[in-house]
Every structure is written in C-alpha cells, then in structure tokens.
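Protein chains in written order, with my numbering: chain A, 12 to 147; chain B, 12 to 147; chain C, 1306 to 1435; chain D, 1306 to 1435.
Please read the structure below before turning to the comments.
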Amino acid sequence: MSSDTASRTQTITSNDDVVRARQLVRNLAQECRLSLVDQTKLVTAVSELARNTLIHGGGGTMAADFTQEGARRGLRVRFEDSGPGIPDLQQALTDGWTSGDGLGLGLSGSRRLVDHFDIVTAPGEGTTVTITKWAR
Amino acid sequence: MSSDTASRTQTITSNDDVVRARQLVRNLAQECRLSLVDQTKLVTAVSELARNTLIHGGGGTMAADFTQEGARRGLRVRFEDSGPGIPDLQQALTDGWTSGDGLGLGLSGSRRLVDHFDIVTAPGEGTTVTITKWAR
Amino acid sequence: MSDRIPILRIGDVLLASIQTDLDDEAVMALQDELGNRIVESGAHGVVIDITAVEIVDSFVGRMIATIATVARMLDAETVVVGMRPAVAITLVELGLSLGGVRTALNLEMGLRALERLRAGRDAGAEQERG
Amino acid sequence: MSDRIPILRIGDVLLASIQTDLDDEAVMALQDELGNRIVESGAHGVVIDITAVEIVDSFVGRMIATIATVARMLDAETVVVGMRPAVAITLVELGLSLGGVRTALNLEMGLRALERLRAGRDAGAEQERG
Ligand SMILES: Nc1ncnc2c1ncn2[C@@H]1O[C@H](COP(=O)(O)OP(=O)(O)O)[C@@H](O)[C@H]1O
Ligand SMILES: Nc1ncnc2c1ncn2[C@@H]1O[C@H](COP(=O)(O)OP(=O)(O)O)[C@@H](O)[C@H]1O
C-alpha cells in the first residue's frame, strides 16, 4: 500500500522515475482527500520539481509524507539533490527564466500551485525544495 | 423579450455598448441552449470583436440572429463598421499582433473560440466580421 | 457611466470584488486605483474576486496581469479567486496568460493562501541561504 | 522504456490519443513523430486527445504549443480535445500558454470543428478580399 513508509520515497534518476513520482503523489493526495483541482495542482508541481531534480540537479530523491497542523491534514513533498545548486535564487524564481531550454515556469509556477514552498540551495551544495498542499 | 428582431441589433459607439453587446448575446446564447462553456467562449469572442468595432473601426453595429443547419441550431453574430479596414489581414490574424497597444489576441483568439469565423475587409472599406456558434 | 469597484482592506490585504459586468473604462479605473492603493498601503496581498464574472476577455486579463506585476514589484502577492472552470478553459483557448497569478477557489481560500505565503516568506527568508 | 503513442489518420486529420502517463522521452517522440507526419501527410488537421491525461505540465504544454506551431506553418489546425477543467485551471495558474490552440469537449466535437474550419476556409478564401 502507498501508506507504508518505504513507498513514500522515490529515487529520481530517470524519466521513468519522474512518472513514478507523479503517480506516488497522486495516490497519496487522494488518500489525503485533496480536492480534484488541488490534486491536479500538486501533481503538476511535483512533475516540474522532479524534472528539475533530474535535469538540473543531476538526480536525487523525492520524499512524501502526511503532515498535520491543528485539525488540517496536508501532504508534504521534498525534493533533494546534491547537484550544482542555484547561484541566483531570485532570478531562478522569476517567471520565464531558464538557464537551459526550458520554459522557466517550473519553479515559479509550482510555487504558485502549492500552499507552501520552501527552497534551500547554495552553489555547490545541492538543492532542496519542499512543498506542502493542505486538504480543505 | 430578447426574441424580437429589434433587440438583436446593438449599436456600438461607446464602452457601454460593448457591455450591452455581451449581455444581448449572453441572453440569446442561453435561449439557443448553448452549453455553459460555449456561452462563455462566444460571449468572450463578442467582447473582443465589439471592442475592435469600437476602437479600431471607429464604431459600428452588431447584429445577432439564430441560424439553422439541418437539425442544428446556432447563433450568428455580425460586427460591421465603416472604419479604415485592415490592410494586411493575415498579419492581423496572427496571435499577438496589434497595431495599437492591445494584446493582439482579439481576432486570432475569438476565431478559435467560435465554430465559424468570417471576415471581409479592405482598406477604406470598413470591416465586417461574422461568427457562428452551434448548439450541440 | 462607469461603476466604480470598491476596494476593501482586510488587515494587510486589499480586496476588489467584481460584481457587475464592467465596461473597459471601469476596468482601467480599477487597475489604476488598485495600483495606487498597493503603493500607498504597503499591503502584502491583493485579492481579485471574480466569482461573479462571467467572462474574462483580453482586456480584463491584461488588467489582472498588470496588477499582479505591480504587486510583485512591491513584494505583494495577487490571488484571483472564484474563477469559473468555463472561464479557465476559454482563457486557455484565447491564448491569454494572466502573467502568473495564483488562483483559489473562493475568498476564504484566497485569504488563507496569502497568509500562508506570508508566513512562508518570513520563515523562508532565513532558509534561503542561496 | 517509453510507450509510443500511435498516430491514427482519419480522412485528412491526424489523431494522437494520449492514454497513459507519458515520460518526457515519449512526449518528445510524439512531438517529433506528429511533426513529421504533418509534413508528410499534408493533413489539414491535428487532434490531440488528452481525455485520459491527468496533468499538463510545462513539458507537455510546450509539446502541444510546438505541434500547433508546426501545423499552422503547414496550414493545418490543431485541436486539443478532452481537457479537464482542473487541468485548465492549473494551466492558468502555472502561467503556461498553449500557444493558441483550439479546444473541444471531446473527439467528435474536435473533428467537427476541424471540418467546419476547413469548409469555412475554402469559402472564406474568396470572401477575404482584403
Ligand atoms: N534542482 C536544481 N538544481 C540546480 N538548478 C536548478 C534546479 N532547479 C531549478 N534550477 C535552475 O533554475 C532555473 C529555473 O528553473 P525552472 O523555473 O524550473 O525552469 P526550467 O526548468 O524550465 O529552466 C533552471 O533553468 C535552473 O538553472
Ligand atoms: N474592426 C477593425 N477595423 C480596423 N482594424 C481592425 C479591426 N479589428 C482589428 N483590426 C486590426 O487588427 C489588429 C489585431 O486585432 P486584435 O487581434 O483584435 O488585437 P488588438 O485589438 O489587441 O490590437 C488591430 O490592432 C487592428 O490593427
């Protein structure tokens, strides 16, 4: 079942893993009773961030867990890589800015799609992005 | 009632008239039993085209009528002005092209939003745009 | 003949609720006034409530994108609440981008999103050691 | 490990129906193959069926926009059918433009839209005396 701890971690080292990451979070989001729109937003953000972990971060891991705040339940997903890190974070968070040939909407767009977005990065020290979406 | 012939014509010489044009077509679209999405698409197209009639065409008229094709019913709306006309129609129909400070999505976008889009224009001879949306 | 849209203030948030079918002049007036109020008030969030709005055409879309840009420059976030699904589908087909605004189901959710964002930012500022 | 999406031909129209959660490689393969087929076949329309698609992220969105651009250069129209309302709302918030593609509720409506468009164009060519 998707509820045991093991299944909530996903290595991200291939395109297939990005698909698996989406599917894992989709299942957890349903379990967490996110609305259909919120599931869609969260899984879209996961797809963007997992791709970044793979492409920009050179691979890493995704870990998802349920979280509680008072009576509210939510789903928290963390992406971690030990890639090059992001030298200019503000620039990277700007709509349309890309260092490659992407659309530059991955970070800025997924930030909008979730309730909480947190990023820790430094040149040479990898990147960790944590997002949370609350059930209503 | 919105069904009599008189109420189906709307002069477009002010911003208020653009609002009236939208409302007239909204009522007719409901009467014609367009789906909610199709009503929304049609009224959005009407808003774009009525604004063009006012801004680019220097004012004109809108005429709406029901139309039938076999068993299908639809709503046809015509915008007519005797303004400057459009010298390069292909350019004007390109996404993002504007001669002023618009977004350049009025013609290209409303063309996509309707089932049938027809434009007759020539420099100095005004512009007539006719659109049709069919009920399912 | 334009109707003016009242701009309310709820704590640190400015709220404009569009309740009628606005003519272009009223849309521009709202854009200007909201812009001014964001600058003057130092609000950290802007909510544009379009629950009652039946269509968003390119004119209204541009107004929303402009407000979001002004707000962002002043470190405030904009949330559009109550967008109908039919409006979203029409926007996609029209080819219009709202320039990266957040959306929320309703006013309550929108206000909550702004609150969280604020909390997240204050915390995030320290954590973003990039 | 990529699944290939079959591209069907219905009269003058190419149809790609996305039935599974595609990885990026499969998305690129679909883009390349659809592009080639549009060029080779002289099709006048392309339908991308996303009825079964649960999310459209920036990668898939760019594929759709690219196909629409290629098609347009070759005088063919692209219709995306079956977009879920939740997907449309997410696209708006993501800030992504599909580059001006038509949308339709389902395959049947999409094919009908292409037919009409074609009829309209043939007639329109004479009328557009601009
Ligand atoms: N995990 C990561 N590691 C290193 N750099 C990253 C990472 N994620 C994002 N970036 C940088 O931030 C930029 C913007 O990211 P994003 O908004 O997702 O756009 P895109 O991926 O389309 O370029 C990327 O081009 C890249 O330079
Ligand atoms: N009724 C009209 N009369 C004259 N020119 C027009 C008319 N409608 C559109 N145009 C021309 O076509 C251009 C593109 O129109 P549109 O796509 O609606 O974009 P926008 O109105 O934002 O400029 C306009 O900038 C204008 O030059």
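Glycine is no exception: its CB is placed at the ideal position from the N, C-alpha and C atoms.
Values in this document were obtained by computation on a predicted structure and should not be read as measured data.
- Pairing Ala133 of chain B with Gly96 of chain B gives a Cβ-Cβ distance under 8 Å.
- What Met1388 of chain D touches in chain C, judged by beta-carbon distance under 8 Å, is Ile1394, Val1397, going in chain order.
- Rounded to whole angstroms, the gap between the alpha carbons of Gly1340 of chain C and Ala1376 of chain C is 8 Å.
- Under the 8 Å criterion on CB atoms, Arg89 of chain A is classed as non-interfacial with respect to chain C.
- Cβ-Cβ distances below 6 Å link Val1392 of chain D to Val1361 in the same chain, with the five nearest sequence neighbours on each side left out; the list follows chain order.
- Straight across, the Cα-Cα distance linking Leu45 of chain B with Ile142 of chain A is about 41 Å.
- Residues of chain C whose Cβ lies closer than 8 Å to the Cβ of Asp106 of chain A are, in chain order, Gly1404, Gly1405.
- In the DSSP assignment, Arg87 of chain A forms a beta bridge with A:Asp76, A:Thr143.
- Here the distance from the Cβ of Ala103 of chain B to the nearest heavy atom of ligand 2 is below 7 Å.
- Counting C-beta atoms within 10 angstroms of its own C-beta, Gly1316 of chain D has fewer than 16 neighbours from the protein chains shown and is therefore classed as exposed.
- In summary, Gln101 of chain A is exposed, with fewer than 16 beta-carbon neighbours lying within 10 Å of its beta-carbon over all protein chains present.
- Looking at the DSSP output, Gln21 of chain A sits in a beta bridge with A:Met73.
- Comparing alpha carbon positions, the residue from C:Ile1323, C:Gly1404, C:Arg1314 closest to Thr1371 of chain C is C:Gly1404.
- Judged by the Cβ position, Pro134 of chain B fails to qualify as a neighbour of ligand 1 at the 7 Å threshold, every heavy atom of the ligand being at least this far.
- About 6 Å separates the Cβ atoms of Met1388 of chain C and Ile1355 of chain C, confirming a contact at the 8 Å cut-off.
- The region 1404-1414 of chain C makes contact with the region 1377-1386 of chain C: 3 or more CB pairs, one atom from each, lie closer than 8 Å.
- According to DSSP, Phe128 of chain B shares a beta bridge with B:Ile142.
- Among the CB atoms of chain A, none fall inside 8 Å of the CB of Ala1391 of chain C.
- Within the region 19-31 of chain B, those residues whose Cβ lies closer than 7 Å to any Cβ of chain C are, in chain order, Asn26, Asp27, Val29, Val30.
- In terms of beta-carbon proximity, Gly1400 of chain C lines the interface with chain D, with at least one pair separated by less than 8 Å.
- In this structure Leu1320 of chain C is not in contact with Leu1327 of chain C, their Cβ atoms being roughly 16 Å apart against a cut-off of 8 Å.
- When rounded, the separation of the alpha-carbon atoms in Asn26 of chain B and Gly70 of chain B is 10 Å.
- In the structure shown, Glu59 of chain A adopts helical secondary structure according to DSSP, grouped into three states.
- Within chain D, the residues placing a beta-carbon under 8 Å from that of Ser58 of chain A are Ile1360, Asp1362, Phe1364, ordered along the chain.
- For Gly111 of chain B, same chain residues with a beta-carbon under 6 Å away, outside a window of 5 residues either side, do not exist.
- Where Val1358 of chain C is concerned, there is no enclosing beta strand (DSSP E), because DSSP gives it neither an H nor an E.
- The continuous beta strand (DSSP E) containing Val1386 of chain D extends over residues 1382-1386.
- When CB distances to chain C are screened at a threshold of 9 Å, the residues of the region 32-46 of chain B falling below it are Arg33, Gln34, Arg37, Ser46, in chain order.
- From the beta-carbon of Asp1326 of chain D, the residues of chain A found nearer than 8 Å are Val30, Arg33, Gln34.
- Ligand 1 has a heavy atom closer than 7 Å to the beta-carbon of Glu59 of chain A.
- Setting aside the 5 residues that flank it on each side, Ser1346 of chain C is surrounded in the same chain by Arg1314, Leu1319, each with a C-beta closer than 8 Å to its C-beta; the list follows chain order.
- CA-to-CA, the gap between Gln79 of chain A and Ser93 of chain A works out to about 28 Å.
- Scanning chain C for C-beta atoms nearer than 8 Å to the C-beta of Thr138 of chain B yields nothing, as the closest lies near 18 Å away.
- In the DSSP assignment, the residues bridged to Ser1322 of chain D are D:Asp1354.
- When secondary structure is reduced to three states using DSSP, Arg1407 of chain D falls in the strand class.
- A residue is called buried once 16 or more other Cβ atoms fall within 10 Å of its Cβ, and Met1368 of chain D is buried on that count.
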